[in-house]
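To start, the structure itself, in structure tokens.
In the working numbering, the protein residues as written are 1 to 223.
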């Protein structure tokens, strides 16, 4: 029994572990690509952009941590209405948070970039990059919440898959291809493209899960 509990703990915790591992790999690849296409100044600009986006992502992650025990308990108790309500509220809140980040970065790119440096050249480069990088940022909130939803109900495989989609399955190929076509701008564009694809994947995964769940309830009712 203890071995089974430990196994479940590892399987559920594998999702956030892989997110961090993939993030490290992606940062290395991005830095190498930035160095090749924009030099040290581009790496500095990415550092600013990364700090700005991480601020809002951390808030969403805090939201999902608060959701996990609520969803997990009610899912285990069979209270699906509460699970759906919590998920809808979480997705809405996550989108509001990341949409706020999107608006701030799109409307005041130079002002937020200036919080991290006094260099006008670096501010200009970061401002240009952040406006491209956040084009699909509102969708990130929903994608994070849906991924953590599957983690909360013990669907480790789906959660791990969704964790890998944005950073490994989509962002990595974009980072390898887009800079070859559009240079430094291609690096910035790869971020919203992967955000959009990861969002679509999360929505499809949620729809498939709901359909299977509904089919299971229907079969049980017939019996």
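Glycine is no exception: its CB is placed at the ideal position from the N, C-alpha and C atoms. Bear in mind the structure is a predicted one, so any value in this text is a computation, not a measurement.
Cβ distance (whole Å) where residue 64 is taken to contact residue 148 below 8 Å: Residue mapping note: residue 64 aligns to position 64 of the chain shown, counting from 1. Residue mapping note: residue 148 aligns to position 148 of the chain shown, counting from 1. Sure, about 4 Å apart at Cβ, within 8 Å.
Helix, strand or coil at residue 41 [DSSP, three-state]: Locating residue 41 in the chain shown gives position 41, where the first residue counts as 1. Looking at residue 41 - three-state DSSP - the assignment turns out to be helix.
Residue interval of the alpha helix (DSSP H) (run including residue 93): Taking the first residue of the chain shown as position 1, residue 93 is located at position 93. Its alpha helix (DSSP H) spans residues 80-107.
At least 3 beta-carbon pairs within less than 8 Å: the stretch 106-115 vs the stretch 139-157: No, the stretch 106-115 does not touch the stretch 139-157.
Residue 86, buried or exposed, once every other Cβ within 10 Å from all chains shown has been counted against 16: Sequence index remark: in the chain shown, residue 86 carries index 86 (1-based). With 16 or more other CB atoms across the displayed protein chains lying within 10 angstroms of its CB, residue 86 is buried.
Secondary structure of residue 183, DSSP reduced to three states: Reading the chain shown from its first residue, position 183 is the one you call residue 183. Correct three-state label for residue 183: coil.
Under 9 Å between C-beta atoms of residue 50 and residue 27: One-based indexing of the chain shown puts residue 50 at position 50. One-based indexing of the chain shown puts residue 27 at position 27. Result yes, Cβ atoms of residue 50 and residue 27 sit closer than 9 Å.
Distance between residue 56 and residue 48 (C-alpha atoms, nearest Å): In the chain shown, residue 48 corresponds to position 48, counting from 1. In the chain shown, residue 56 corresponds to position 56, counting from 1. Between residue 48 and residue 56, the C-alpha separation is close to 13 Å.
Distance, residue 58 Cα to residue 203 Cα: The residue you call residue 203 lines up with position 203 of the chain shown. The residue you call residue 58 lines up with position 58 of the chain shown. Residue 203 and residue 58: Cα-Cα distance of roughly 21 Å.
DSSP three-state assignment for residue 156, whether helix, strand or coil: By 1-based counting over the chain shown, the position of residue 156 is 156. Helix, per DSSP.
Whole-angstrom C-beta distance between residue 126 and residue 170, which should lie under 8 Å: Here residue 170 refers to the residue found at position 170 when the chain shown is read from its first residue. Here residue 126 refers to the residue found at position 126 when the chain shown is read from its first residue. Rounded, the Cβ-Cβ distance is 23 Å, inconsistent with contact.
Classification of residue 138 by the beta-carbon crowding that lies within 10 angstroms, buried from 16 upward: Taking the chain shown and counting its residues from 1, the one referred to as residue 138 is at position 138. It counts as buried.
Rounded separation between residue 23 and residue 164 - CA only: Here the question's residue 23 lines up with position 23 in the chain shown. Here the question's residue 164 lines up with position 164 in the chain shown. Cα-Cα distance, rounded: 10 Å.
Range covered by the alpha helix (DSSP H) that runs through residue 132: Counted from its first residue, the chain shown places residue 132 at position 132. Where residue 132 is concerned, the enclosing alpha helix (DSSP H) stretches over 120-133.
9 Å Cβ cutoff met for residue 254 and residue 141: Summary: the structure shown does not reach residue 254, with the chain confined to residues 1 through 223, and so no result is reported for it.
Cut-off 7 Å between Cβ atoms - residues of its own chain near residue 123, not counting five sequence neighbours on either side: Here residue 123 corresponds to residue number 123 of the chain shown, with the count starting at 1. Excluding residues within five positions, the ones whose Cβ falls inside 7 Å are 110, 113, 114, 117.
Residue 45 classed as buried or exposed, judged by whether at least 16 other C-beta atoms fall within 10 angstroms: Counted from its first residue, the chain shown places residue 45 at position 45. Per the 10 Å Cβ criterion, buried.
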